[in-house]
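A short worksheet on the structure shown next.
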Amino acid sequence: MPAADSPRSLVNGEPDTAIAVTDRGLQYGDGVFETLSVVQGEMLCWDAHCARLLEGCRRLHLNPPALEILAEEAGQLAAGQERAVLKIMITRGSSGRGYRPEPDAISSRILTLHNWPEWPQENMTAGVVVRICQQRLAQNPALAGIKHLNRLEQILARAEWDDPAIAEGLMLDTAGHVIEGTMSNVFVFKDNLLLTPDVSQCGIAGVIRGRVLEAAQALGIDAMIAELELSDIESADSLFLCNSLIGLWPVRKAGEREYAISPRIADLREKLQHQDCIAAA
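Numbers 99 to 379, taken from my numbering, label the letters of the sequence shown in order.
The structure is reproduced here in structure tokens:
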């Protein structure tokens, strides 16, 4: 059964589509979120997403949700869905005006179910075209890795193009390091090594990024986290993008440079699909 055209949602366990105007998630972006694939009623990589959600709550000093309640509510929305997208947001809730958070604020849980995106099938086989964004990511290790609700840098980067032939934009930080895509993590094959950018200063430590590193080890592919410059992208043998919804997309062109599609990308994709980390084609 497909997801409804309008998002189905639960706010603190109740069917609703509204939150209080005083909610700090709305007022300040004070919260965290996760986006998951739902396939045949199951939430893929549920434990890993919950672990990152709890880490985000810890970093922001949010009162975390009870995971058994969260799982029950997520299961309500996911039940019977052939393929859909589940988004979970945890905000600090309403706790008065001003930046100082109240330590006993009651967090809000917002879960929404969305239609599966209709991306072209050839994105997985023929690869995609990406651009280099002008918008930079600010370094802030206190927020690096987690998915906090402030996505203004990604919004400004995504607003830089409206060409449907360009699937994604690569973002650099203010020091010039390549960090990620606007909605994805990036991997580089270079000199028989699989490299992914260090996200300890900014960027998101993607769930699928972690699974790719594990799958590479299992497949005998030398993989490591490294500081990458734009020159590393330009001199790479092959590139690919990943996240929980797209799975793995090879990059066939970035800027003016065209790339071969490494057969190891398909090997990694097959491994992750076999482990139920990403949806099959």
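Heads up, the beta-carbon is just placed ideally off N, CA and C, and yes, glycines get one too.
Tell me, to the nearest whole angstrom, how far the beta carbon of residue i is from that of residue j; I am working on the premise that it is less than 8 Å.
i, j, result
"I376", "L142", "7 Å"
"P163", "I188", "6 Å"
"P361", "G225", "The pair is not a contact, with the Cβ atoms about 13 Å apart (cut-off 8 Å)."
"R367", "I359", "With 8 Å as the limit, R367 and I359 do not qualify as a contact, their Cβ atoms being about 11 Å apart."
"V297", "H147", "Contact doesn't hold; Cβ gap of about 17 Å is too wide."
"E258", "Q233", "7 Å"
"I230", "L268", "5 Å"
"I186", "L151", "7 Å"
"I264", "L235", "19 Å between Cβ atoms; not a contact."
Taking the alpha carbon of residue i as the reference point, which residue from the options has its own alpha carbon closest?
i, options, result
"L124", "L328, H275, R249", "R249"
"I363", "A352, W259, L291", "L291"
"Y357", "D374, R307, A265, I331", "I331"
"E251", "V226, W144, D271", "D271"
"D365", "M322, E312, R355", "E312"
"S107", "G173, D145, E140", "G173"
"P218", "Q138, P262, A303, Q373", "P262"
"R156", "M222, A240, E112", "A240"
"D374", "E140, D114, P113", "E140"
"D114", "W144, G196, N161, S206", "S206"
"W144", "S342, L346, T223", "S342"
Considering only residues of the same chain and omitting the five flanking positions on each side of residue i, which have a CB-CB separation below 6 Å?
i, result
"G154", "V130, I244"
"V396", "Beyond the ends of the chain as shown, which are 99 and 379, falls residue 396; an answer cannot be given."
"G127", "L247, N248"
"N161", "S205"
Could you compute how far the alpha carbon of residue i sits from the alpha carbon of residue j?
i, j, result
"Q179", "N213", "10 Å"
"L326", "L337", "13 Å"
"V284", "P295", "7 Å"
"A324", "C340", "17 Å"
"Q315", "R309", "10 Å"
"A101", "S333", "Reliability of the predicted coordinates at A101 is poor, the pLDDT of 43 falling under 50, and the value obtained from them is presented with this limitation in mind. Between A101 and S333, the C-alpha separation is close to 42 Å."
"D335", "E132", "32 Å"
"V78", "P199", "Look at the range of the chain in this structure, 99 to 379, and you will see that residue 78 is not part of it."
"R190", "K288", "43 Å"
"L328", "L293", "13 Å"
"N110", "E171", "9 Å"
"I344", "D260", "19 Å"
"Q138", "N221", "23 Å"
"T223", "A255", "26 Å"
"Y197", "L346", "39 Å"
Which term fits residue i, buried or exposed, when burial requires 16 or more other beta carbons within 10 angstroms of its beta carbon?
i, result
"E281", "According to the sequence displayed, residue 281 carries Met and not Glu. Flag for M281 reads buried."
"T210", "buried"
"G279", "buried"
"I208", "buried"
"A273", "exposed"
"V286", "buried"
"H159", "exposed"
"I253", "exposed"
"A352", "buried"
"A321", "buried"
"E354", "exposed"
"G318", "exposed"
"R195", "exposed"
Residues in the same chain with beta-carbon distance under 7 Å from residue i, minus the five sequence neighbours each way, listed in chain order, please.
i, result
"Q371", "A378"
"M99", "With a pLDDT of only 40 at M99, under the threshold of 50, the placement of this residue in the model should not be trusted, and no figure is reported."
"S193", "R122, P199, E200, A203"
"A242", "V297, S298, Q299, C300, G301"
"T120", "S192"
"L165", "C148"
"K369", "A313, A316, L317"
"R307", "N283, T294, C340"
Quick one: residues in its chain with C-beta nearer than 8 Å to the C-beta of residue i, no 5 flanking neighbours on either side, listed in chain order?
i, result
"N238", "Q299, C300"
Tell me whether residue i counts as near the ligand FMN, meaning its Cβ is closer than 7 Å to at least one heavy atom of that ligand.
i, result
"A240", "Summarising the ligand content, the structure contains no ligands, and the ligand FMN is consequently not present."
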